[in-house]
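Residue 0 is where the sequence shown starts when you use numbering that gives the first Met the number 0, and the numbers rise one by one after that.
Don't be surprised by glycine CBs; every beta carbon is placed ideally from N, CA and C.
The next block holds one structure in the form of structure tokens; read it before the comments.
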Amino acid sequence: MYAQQAIKNILLLLLLCASLTQAAYKLQERYSWNQLDFAFPSERLKEQAIATGDYIPQNALPVGVEHFGNRLFVTVPRWRDGIPATLTYINMDHSLTGSPELIPYPDWRSNTAGDCANSITTAYRIKVDECGRLWVLDTGTVGIGNTTTNPCPYAVNVFDLTTNTRIRRYELRSDDTNPNTFIANIAVDIGKSCDDAFAYFSDELGYGLIAYSWEQNKSWRFSAHSYFFPDPLRGDYNIAGLNFQWGEEGIFGIALSPIRSDGYRTLYFSPLASHRQFAVSTRILRDESRTEDSYHEFIALDERGSNAHTTARVMSDDGVELFNLIDQNAIGCWHSSMPYTPQFHGIVDRDDVGLVFPADVKIDEHKNVWVLSDRMPVFLLSDLDYSDVNFRIYTAPLGALIENTVCDLRNNAYGPSNAVSLPKQPAVVTPIYKPYRPPQKPQLSTSWTPSPPPPRTYLPAVSAPGVGQSPVSSVSVSTSTNGGLDVPKAYVFNQHNGINYETSGPHLFPTHQPQAPQQREALKSYVNARQSGWWHHHHQG
Numbered sequence: 000m001y002a003q004q005a006i007k008n009i010l011l012l013l014l015l016c017a018s019l020t021q022a023a024y025k026l027q028e029r030y031s032w033n034q035l036d037f038a039f040p041s042e043r044l045k046e047q048a049i050a051t052g053d054y055i056p057q058n059a060l061p062v063g064v065e066h067f068g069n070r071l072f073v074t075v076p077r078w079r080d081g082i083p084a085t086l087t088y089i090n091m092d093h094s095l096t097g098s099p100e101l102i103p104y105p106d107w108r109s110n111t112a113g114d115c116a117n118s119i120t121t122a123y124r125i126k127v128d129e130c131g132r133l134w135v136l137d138t139g140t141v142g143i144g145n146t147t148t149n150p151c152p153y154a155v156n157v158f159d160l161t162t163n164t165r166i167r168r169y170e171l172r173s174d175d176t177n178p179n180t181f182i183a184n185i186a187v188d189i190g191k192s193c194d195d196a197f198a199y200f201s202d203e204l205g206y207g208l209i210a211y212s213w214e215q216n217k218s219w220r221f222s223a224h225s226y227f228f229p230d231p232l233r234g235d236y237n238i239a240g241l242n243f244q245w246g247e248e249g250i251f252g253i254a255l256s257p258i259r260s261d262g263y264r265t266l267y268f269s270p271l272a273s274h275r276q277f278a279v280s281t282r283i284l285r286d287e288s289r290t291e292d293s294y295h296e297f298i299a300l301d302e303r304g305s306n307a308h309t310t311a312r313v314m315s316d317d318g319v320e321l322f323n324l325i326d327q328n329a330i331g332c333w334h335s336s337m338p339y340t341p342q343f344h345g346i347v348d349r350d351d352v353g354l355v356f357p358a359d360v361k362i363d364e365h366k367n368v369w370v371l372s373d374r375m376p377v378f379l380l381s382d383l384d385y386s387d388v389n390f391r392i393y394t395a396p397l398g399a400l401i402e403n404t405v406c407d408l409r410n411n412a413y414g415p416s417n418a419v420s421l422p423k424q425p426a427v428v429t430p431i432y433k434p435y436r437p438p439q440k441p442q443l444s445t446s447w448t449p450s451p452p453p454p455r456t457y458l459p460a461v462s463a464p465g466v467g468q469s470p471v472s473s474v475s476v477s478t479s480t481n482g483g484l485d486v487p488k489a490y491v492f493n494q495h496n497g498i499n500y501e502t503s504g505p506h507l508f509p510t511h512q513p514q515a516p517q518q519r520e521a522l523k524s525y526v527n528a529r530q531s532g533w534w535h536h537h538h539q540g
């Protein structure tokens with residue numbers, strides 16, 4: 000009898016392990032909230048703020064995340080009334096996990112709505128640079144859509160994270176914006192020194208790209224490039240059971256490559272209503288004289304596939320791009336040494352409960368990934384169920400996330416097939432009055448240990464015709480070693496809207512590593528097309 004019971008226990012344990020394996024996620028949940036809470040100076044003041052309407056917990060939605068040291072920054076836009084602070088952080092020494100109160104940064108006074116010169120009214124995405132500075136664009140807005148008012152102008156705010164003081168505030172010029180301007184994303188480009196710094200801002204509804212020079216304390220705008228506009232065929236969305244249309248959303252998510260050997264980076268961007276990625280060298284963006292004379296310097300890459308809208312992206316210092324896939328409740332990846340085609344895109348994690356609208360994704364100085372999910376469409380178009388967990392922050396080492404995906408070139412040159420694209424599913428429309436109640440999933444471990452900081456590396460240069468070299472139409476191969484490991488490298492440049500990829504490694508098609516036949520044939524076809532001249536003939540701008 001005891002033997003039979005032992006066998007039953009073993010079988011039960013095996014079944015449990017199998018079920019947990021199916022529910023295992025690489026991203027580990029670190030923090031979660033049913034609704035956001037703020038660290039008021041006292042409970043009495045919190046109750047007073049609730050009574051006066053200065054704090055309405057159900058109106059707060061987190062949209063941006065960034066990590067630095069023992070602080071995890073979270074932004075909360077003032078889309079609705081009752082948002083006491085827009086720029087906040089979590090003290091990770093005091094709150095390892097759970098649902099911590101958000102602490103205003105740098106203090107309460109600096110989060111006063113409408114106090115333009117001294118405070119931040121609304122912040123979206125933020126960025127910490129390698130010089131220990133926090134870059135925050137204050138949109139100066141309150142409300143969203145038809146309710147939007149502009150009590151303050153758009154202004155760049157930069158904080159010294161050592162002293163927790165603001166060291167610069169710069170108002171964007173009137174020529175940098177237009178009546179339709181909506182800016183939510185920022186990328187920061189550090190060159191030869193901390194003074195050689197530029198910030199780039201994508202104007203989603205005004206269809207522009209703004210560059211700001213720290214050294215010159217000056218900004219300029221690239222306007223009306225056709226790549227900034229939405230794709231009219233990509234304005235339909237199905238997320239969390241809701242069907243809706245965001246057809247006017249243009250250039251949105253932006254990310255910078257590592258520094259190339261010529262000292263410049265590549266800026267990658269996508270319109271929100273699009274499945275395509277575009278690119279341009281920061282050599283162009285840093286040059287104010289090129290704002291009206293740079294059309295052919297911008298590169299059109301391929302589409303990611305169906306159901307592949309994205310609002311946030313980031314690239315590691317070794318060329319791995321991560322991006323959110325809001326239609327798929329997933330985080331995707333692409334290694335920039337590979338062609339930008341669906342078979343070279345992967346899914347690093349997917350969760351139909353926890354990753355409903357993964358609003359932001361970041362990689363910190365230790366190569367740890369941070370993902371914020373917030374169920375934004377449900378918040379905007381329906382009603383959140385505040386008895387359920389609605390907002391989550393996940394983390395994982397970058398290496399663990401991309402392991403065994405097409406983006407992992409360390410162990411498998413072109414990886415298993417796990418393409419981003421999914422078959423388009425019929426729309427399932429949920430009545431807007433129905434609270435969103437997803438199925439439950441097993442709770443994940445929240446243990447976390449930071450990875451050691453990586454050595455800084457530089458990738459080959461982004462070049463364009465007429466700048467240092469002539470256009471090339473072949474795939475070049477070079478070899479580079481880093482600590483005895485072959486490190487893939489890449490560069491992209493404009494050749495009448497064409498693309499060239501340079502890789503470093505023992506072989507273009509390594510014989511000592513397994514390859515997926517579909518990916519191998521795709522890359523061979525790509526190389527042959529480039530070498531035969533077909534690519535050049537069919538990509539004449």
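Three or more beta-carbon pairs separated by less than 8 Å are not found between the region 336-356 and the region 290-298, which leaves the two stretches without contact. Only residues of its own chain outside the window of five on either side were considered, and among them none has a CB closer than 7 Å to the CB of Ser-41.
Residue pairing of Ala-122 in beta bridges, as defined by DSSP: Asp-137. Nearest to Asp-195 by C-alpha distance, out of Ile-250, His-308, Leu-26, Thr-281, is Thr-281. Taking C-beta atoms as the reference points, Ala-154 and Leu-136 count as a pair closer than 9 Å.
Between the region 29-43 and the region 388-401 there are three or more inter-stretch CB-CB distances shorter than 8 Å, so the stretches are counted as touching. Within the same chain, and ignoring the five residues on either side of Ser-273 in sequence, the residues whose Cβ sits closer than 7 Å to its Cβ are Pro-229, Asp-230, Arg-233.
Under a 10 Å Cβ-count criterion, Ala-307 is classified as buried, with 16 or more other Cβ atoms of the shown protein chains found around its own Cβ. Each residue's CA atom was taken as its position, placing Phe-72 and Pro-103 some 9 Å apart.
Exclusion of the five residues before and after Gly-252 leaves Asn-184, Phe-268, Ser-269, Thr-309, Thr-310, Ala-311, Arg-312, Phe-322 as the residues of its chain whose Cβ lies within less than 7 Å of its Cβ.
Under the criterion of beta carbons closer than 8 Å, Ser-98 and Asp-53 do not qualify as touching, at roughly 21 Å. In the structure shown, Tyr-263 adopts coil according to DSSP, grouped into three states.
Judged by DSSP in its simplified three-state form, Val-370 adopts strand. Just measuring C-alpha positions, the residue of Asp-261, Thr-162, Glu-100, Val-141 sitting nearest Gly-81 is Val-141. Cα atoms of Ile-55 and Ile-283: separation of roughly 45 Å, rounded to the nearest angstrom. DSSP lists Leu-71 as the bridge partner or partners of His-66. Measuring C-alpha to C-alpha distances from Ile-89 to each of Arg-79, Pro-83, Pro-61, Asn-69 identifies Asn-69 as the nearest.
In this structure the region 187-202 touches the region 118-129; the number of beta carbon pairs closer than 8 Å is three or more. It is roughly 16 Å from the alpha-carbon of His-224 to the alpha-carbon of Ile-182.
Inclusion of Leu-300 and Gln-327 in the CB contact set at 9 Å is not warranted, their separation being larger than that value. Tyr-385 counts as exposed, since fewer than 16 other C-beta atoms from the protein chains shown sit within 10 angstroms of its C-beta. Leu-204 has its alpha-carbon roughly 7 Å from the corresponding atom of Glu-247. Counting only runs of 3 or more residues that sit fully inside the region 332-359, the beta strand (DSSP E) segments are 344-349, in chain order. With fewer than 16 neighbouring CB atoms inside 10 Å of its own CB, His-93 falls in the exposed class. If you check the CB distance, Asp-317 and Val-62 do not come in under 9 Å. In the three-state DSSP reduction, Phe-181 falls in the coil class, being neither helix nor strand. Between Thr-121 and Pro-178, the beta carbon gap of about 18 Å keeps them out of contact (Cβ cut-off 8 Å).
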